[in-house]
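Notes follow the structure.
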Amino acid sequence: MVRSILEIGNAKYKIDKIALGRFKEEVRQNWGKESAEAAPETGRDLTLDESLDAVFLEVMQLYNEYAKSESIDVLLRLKDKLEQVSLRYKSLALAEEVLNINSCLPYERRIPKDSDISPTKH
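When the sequence shown is numbered by the numbering used here, its final residue is 524 and no position is left out of the sequence of numbers.
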């Protein structure tokens, strides 16, 4: 995604449905590998996490809320949710979406307020 300096922080975020499809493929591939490795240890076959559909529903609800309101607070909630899911499933596709969201945020909103990193601390 190439943007001019003036667009950074002012752009409207649009969810990448192709990235969501890549995420599903990543989960299926990673889950298959983990299932094959864990099955002998646990004595049972692992199934794909049933909460995956609930995660997608929550992500899309947040995105739809953002699309209607264009609220930075909603966009931050969406970013946080995508970060959590990306870490949980080790998804590069969702990590890229988090970066795309960051490029749409004003600089001061990119870092959590309770973070040890702040522009005033050196």
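The beta-carbon is built from N, C-alpha and C at its ideal position, and this holds for glycine as well. Keep in mind it's a predicted model, so treat the numbers as computed, not measured.
request  = Would you please state the rounded distance, in angstroms, between the beta carbons of K492 and L464? I believe it to be under 8 angstroms.
outcome  = No, K492 and L464 are not in contact; Cβ-Cβ is about 21 angstroms, not under 8 angstroms.
query = Which full runs of the beta strand (DSSP E) of 3+ residues lie inside the region 451–524, going along the chain?
reply = As summarised for the region 451–524, there are no continuous beta strand (DSSP E) elements at least 3 residues long confined to that stretch.
key: Cβ shell of T444 (< 8 angstroms), same chain only, five flanking positions each side left out   = Residue placement at T444 is poorly supported in this model, since its pLDDT is 48, which falls under 50; the coordinates still yield a value, given next. Once the five neighbours on either side are set aside, T444 has no close Cβ partner at all.
inquiry  = Using CA atoms only, rank isn't needed, just tell me which of K481, E499 and K470 is closest to I513.
reply    = K481
ask   = Under three-state DSSP, which class holds I417?
value = coil
key: Cβ neighbour criterion (16 or more within 10 Å) applied to S520   = Here the model assigns S520 a pLDDT of 49, short of 50, so the residue's position is not dependable, and the following value carries that caveat. Result: exposed.
Pairwise C-alpha distance: A497 and R430 = 17 angstroms
request  = Quick one: residues in its chain with C-beta nearer than 8 angstroms to the C-beta of V500, no 5 flanking neighbours on either side, listed in chain order?
outcome  = K481, L484, E485 and S488
inquiry  = If the criterion is Cβ atoms closer than 9 angstroms, does the pair L477 and L507 meet it?
reply    = yes
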